[in-house]
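A.B. asks: Residues in the sequence shown are numbered consecutively from 195, following our numbering. Dumping the structure here so I can ask a few things about it.
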Amino acid sequence: MSTTPINFYIIAEIDQLETRLKVTQLETTDGVPYYSCHDKETEITQLRNETYGKWEQLWGKLDSKTIQDIGSKIEEKITPP
C-alpha cells in the first residue's frame, strides 16, 4: 500500500458550474485505489472505478452523470500517455 497520496486537479461541471476539484488518490486496506474529491476545503465525494468499468460513488450526493464526468477526468490524469 502506498503511503504517499497522489494529488492532482481537474475541472468538472457540478450543478451546471465549472468547478476546480482537488483529487487525492487513496487506497483501501486491500490496495484498491479510490479518489477523494475536494471543492476548496470541502470533500464532496469519494469515487472508485469498479472492475466492470463504471465509476461509482462511495460517499457523497452527486448525480450519476456528474460521477461519470469526474471519473472520466480522473481517468485522463491517471492514465499514462
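By construction, the Cβ of each residue, glycine as well, lies at the ideal position given by its N, Cα and C atoms.
(1) Return the CA-CA distance between L220 and R242, expressed in angstroms with no decimal places.
(2) Following a CB-centred definition, is T260 positioned closer than 7 Å to any heavy atom of the ligand HEM?
(3) Count the other CB atoms, across all protein chains shown, that sit within 10 Å of the CB of T239; report buried if there are 16 or more and exposed otherwise.
(4) Please state the DSSP three-state secondary structure of M195.
(5) By DSSP, does D257 sit in helix, in strand, or in coil?
C.D. replies: Let me lay it out:
(1) Your numbering for residue 220 matches position 26 in the sequence shown. Your numbering for residue 242 matches position 48 in the sequence shown. So the alpha carbons of these two residues sit roughly 10 Å apart.
(2) In the structure shown, the ligand HEM is absent, as is every other ligand, since no ligand is present at all.
(3) Within the sequence shown, the letter at position 45 stands for residue 239. Looking at its Cβ environment, which holds 16 or more other Cβ atoms inside 10 Å, T239 is buried.
(4) Along the sequence shown, one-based indexing puts residue 195 at 1. Residue confidence for M195 is low, a pLDDT of 46 falling below 50, so the modelled location carries little weight; the figure read from the coordinates is stated next. Note: M195 maps to coil in three-state DSSP.
(5) Walking along the sequence shown from the start, residue 257 turns up at place 63. Coil.
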